[in-house]
Amino acid sequence: MATALAPALFDQVEEALKDVMDPELGVNIVDLGLIYDLTWDDENTALIISMTLTSAGCPLTDVLEEQTAQALDGVVDAFRINWVWMPPWGPEKITDDGRDMMRALGFAM
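Numbering (this note's numbering), first residue to last: 2 to 110.
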């Protein structure tokens with residue numbers, strides 16, 4: 002059964018995930034709005050990351066999973082990514098910080 006993360010752990014996980022960069026856009030997955038939910042699987046004592054990609058056909062899931070494992074090392078012992086396709090990602094999900102990062106990279110926002 003999945004339960005909500007304690008606020009301190011939620012903040013720690015979210016901050017760690019800001020080190021995971023979308024390989025195509027060069028902006029972290031948190032500020033891109035790719036993270037839909039963070040919960041805890043009590044049965045398997047693991048973090049569940051519900052996230053999406055900018056497109057369902059993205060071939061870079063392995064890269065993101067590897068970066069996520071590196072970012073969460075020392076934060077949680079285990080995690081799994083629950084890939085979510087509904088609702089689909091859209092640019093409205095990008096945070097203000099993410100928009101600033103994309104403008105700095107030359108994207109019109």
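Glycine residues also receive a C-beta, built at the ideal position from the N, C-alpha and C atoms.
(message) For residue 103 and residue 68, I'd like the C-alpha separation in whole angstroms.
(response) 20 angstroms
(message) Spatial neighbours of residue 43 within its chain, please: C-beta separation below 8 angstroms, excluding the five flanking residues on both sides.
(response) 2, 3 and 4
(message) For a minimum of 3 consecutive residues, which ranges assigned as the beta strand (DSSP E) are wholly contained in the stretch 44–82?
(response) 47–52
(message) Quick test of your reading: residue 27 and residue 96, contact by CB under 8 angstroms. State the CB separation rounded to the nearest angstrom.
(response) Actually they do not touch by this definition, with Cβ atoms about 15 angstroms apart.
(message) Can you check whether the C-beta of residue 73 is within less than 8 angstroms of a C-beta belonging to chain B?
(response) The structure shown contains no chain B; it is built from a single protein chain.
(request) Enumerate in chain order the residues of its own chain whose CB-to-CB distance from residue 39 is below 8 angstroms, with the five nearest sequence positions on each side excluded. (result) 6, 11, 14, 15, 48, 49, 50 and 51
(message) The beta strand (DSSP E) that contains residue 42, what's its start and end?
(response) 36–42
(message) Less than 8 angstroms between the beta carbons of residue 17 and residue 76, yes or no?
(response) yes
(message) If I measure Cβ to Cβ from residue 86 and keep anything under 6 angstroms in the same chain, skipping five residues before and after, which residues do I get?
(response) 57
(request) Report yes if the C-beta distance between residue 79 and residue 55 is below 8 angstroms; otherwise report no. (result) no
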